[in-house]
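Numbering (full-length UniProt numbering), first residue to last: 1 to 319.
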């Protein structure tokens, strides 16, 4: 796989199927989490996920005859990213889905781009604010309040579950600019980097999970086949194959455009939640999700880009 990015030259047919596959894999991950927490503590569910993902990625490295990172500083950054980008948010989503439907957790994941922007500007200083971005953030915040149903909270459990999922998205929002600041410039392959992150997350969870739960991890044969398959799917697909597909799209169309997969994920999480788990959704949750996505589009200038393309096409035709 070439490490060069051909952002403007890659045809749609080269990256769109991959993006749809990623949205389906990551969108369905919330279904697997909902099934997994029926029998597993959220910490052990996250541990099983990172272990399965690590095994898949290490196997890919072995086939490609590539090695893991050797730079201690890169492992230090991987340790941080393993915590804030994998171990903590995946555990929080597990706790959250003990209280709320999987489709609602998928909606909350869609706010990640709104979290990335202020953290990138205020903490890592890799981007700058503009009036357009401020308007987008205000719209996104309003959409978050609509999703929460801030005017109509019936009980603490639902609110706590939503806040846990929102906090998970905040950790995602911290991890993305952190990776851009400290790791994006490395020549290490994406597979090796992803494997190092998952290995670090596995070590962290293997230490923390027994302390918090005060019990040993359950043996696989004590779990139902549905839970075992959900853990394998979360690791092998959501944390293994998905990372490889994501790297492919980043190299084809760049990081900014490839991040649009986040906008498609809630669609799949809602579909599988309703069809497979027979979950119910209130009117204001999808409405709030649309407002959030509008805020994301405004803050990232997507609407302006869409308007500009037809104008450029007309000018080119006239010329």
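All C-beta atoms in this analysis are idealised placements derived from N, C-alpha and C, irrespective of residue type, glycine included. Note that the coordinates shown come from a computational prediction; the quantities given were computed from them, not determined experimentally.
Of the other Cβ atoms in all chains shown, 16 or more fall within 10 Å of the Cβ of residue 162; this residue is therefore buried.
Here DSSP, grouped into helix, strand and coil, assigns residue 276 to coil. Between the segment 230-245 and the segment 99-113 there are fewer than three C-beta pairs closer than 8 Å, too few to call the two in contact. Given a length threshold of 4 residues, each whole run of the alpha helix (DSSP H) inside the UniProt domain "EamA" (15-148) is given here in chain order: 42-64, 72-82, 88-96, 102-109, 112-122, 131-148. Ranked by Cα distance from residue 223, the options 207, 197, 37, 12 are led by 37.
In the three-state reduction of the DSSP assignment, residue 282 falls in the coil class. Put simply, the segment 170-189 touches the segment 114-129. At least three CB pairs are less than 8 Å apart.
Within the same chain, no Cβ atom closer than 6 Å to the Cβ of residue 67 is found once the five residues on either side in sequence are excluded. Spanning the alpha carbons of residue 265 and residue 29 requires a straight line of approximately 10 Å.
Taking C-alpha positions only, residue 64 is separated from residue 51 by approximately 20 Å. Within the model, the alpha-carbon separation for residue 190 versus residue 108 is close to 26 Å.
In the DSSP annotation of this structure, the continuous segment of the alpha helix (DSSP H) that includes residue 177 starts and ends at 156-182. Pairing residue 54 with residue 60, the inter-Cα distance amounts to about 10 Å. Shortest Cα-Cα distance from residue 148 to any of 12, 293, 282, 13 involves 282. By a beta-carbon distance limit of 8 Å, residue 167 does not contact residue 47. Their separation comes to about 19 Å.
Membership of residue 219 in any alpha helix (DSSP H) is not indicated, and neither H nor E is assigned to it by DSSP. Note that the C-beta distance between residue 87 and residue 215 is not below 8 Å. In this structure the segment 67-83 does not lie against the segment 127-143, because fewer than three pairs of beta carbons, one per stretch, are closer than 8 Å.
Under the DSSP assignment, residue 229 falls in the alpha helix (DSSP H) whose first and last residues are 225-233. Looking only at 19, 21, 13, 32, the smallest Cα-Cα distance to residue 272 is reached by 32. Using a Cβ distance threshold of 8 Å, residue 44 and residue 217 count as a contacting pair. Apart from the 5 residues on each side of it in sequence, residue 112 sits with its Cβ closer than 6 Å to the Cβ of 169, 172, 173, 262 in its chain, given in chain order. Contact check for residue 268 against residue 23 passes: the beta carbons are separated by less than 8 Å. About 18 Å separates the beta carbons of residue 240 and residue 35, which is beyond the 8 Å limit, so they are not a contact pair. Closest option to residue 72, judged by alpha-carbon separation, among 193, 122, 290: 193. Taking C-beta atoms under 8 Å as the contact rule, residue 244 and residue 178 fail to qualify, at a distance of about 21 Å. The Cβ atoms of residue 75 and residue 196 lie closer than 8 Å to each other. In the three-state DSSP reduction, residue 252 falls in the helix class (H, G or I).
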